[in-house]
Each structure stands twice: as structure tokens, then as C-alpha cells.
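Take a look at the structure set out below.
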Amino acid sequence: MLVLLRERAKRHHRSLQGELMFILEEAIAPTKLSLDQVQSRVGELVISTGDDATGWIREFRDAR
């Protein structure tokens with residue numbers, strides 16, 4: 015395994031320690047989500063905006 019790691023480091027022009035750090039940083043980095051995944055997660059939040067804007071517009075209109 016050490017030989018493979020050294021070869022990988024050489025391919026990426028990094029030291030052995032630099033390659034290990036890169037592997038660790040990639041392993042703990044937050045995962046990137048696709049737009050579909052983001053949309054799905056936002057949909058699961060069940061956010062309700064209510065009818066506030068409609069009520070405010072009616073109040074403003076009726077106040078004139």
C-alpha cells in the first residue's frame with residue numbers, strides 16, 4: 015500500500031505527507047449536492063410562508 019501511495023503522490027507532484035493530507039482533507043470535506051438534491055432537501059423542510067403578503071396588500075388598498 016505504501017508503494018501505491020508513493021506512486022500516487024509522485025503522479026500528483028506532492029510529497030508523501032502532502033498526498034496523505036490531501037486524502038484526509040477530501041475525506042472530511044463536506045459533500046457537494048446536485049440541484050436536485052438541494053431541491054429535495056429544501057422540500058423536506060416544510061417551510062410555510064403564509065398569506066401575509068396578500069393581507070398586507072388588501073389592508074394597504076382598503077386604507078386608501
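Residues 15 to 78, numbered by the working numbering, are exactly what the sequence shown covers, in order. Ideal Cβ positions, reconstructed from N, Cα and C, are used throughout, including at glycine.
Burial state of residue i (16 or more Cβ within 10 Å)
i	result
residue 21	exposed
residue 40	exposed
residue 33	buried
Beta-carbon spacing of residue i, residue j below 8 Å
i	j	result
residue 81	residue 30	Nothing can be reported for residue 81: it is not among the residues displayed for the chain, which extend from 15 to 78.
residue 36	residue 25	no
The alpha helix (DSSP H) enclosing residue i, as first and last residue numbers
i	result
residue 62	Unbroken run through residue 62: none, as it is neither H nor E.
residue 15	That residue, residue 15, is in no alpha helix (DSSP H); it is neither H nor E in DSSP.
residue 30	30-42
residue 72	66-77
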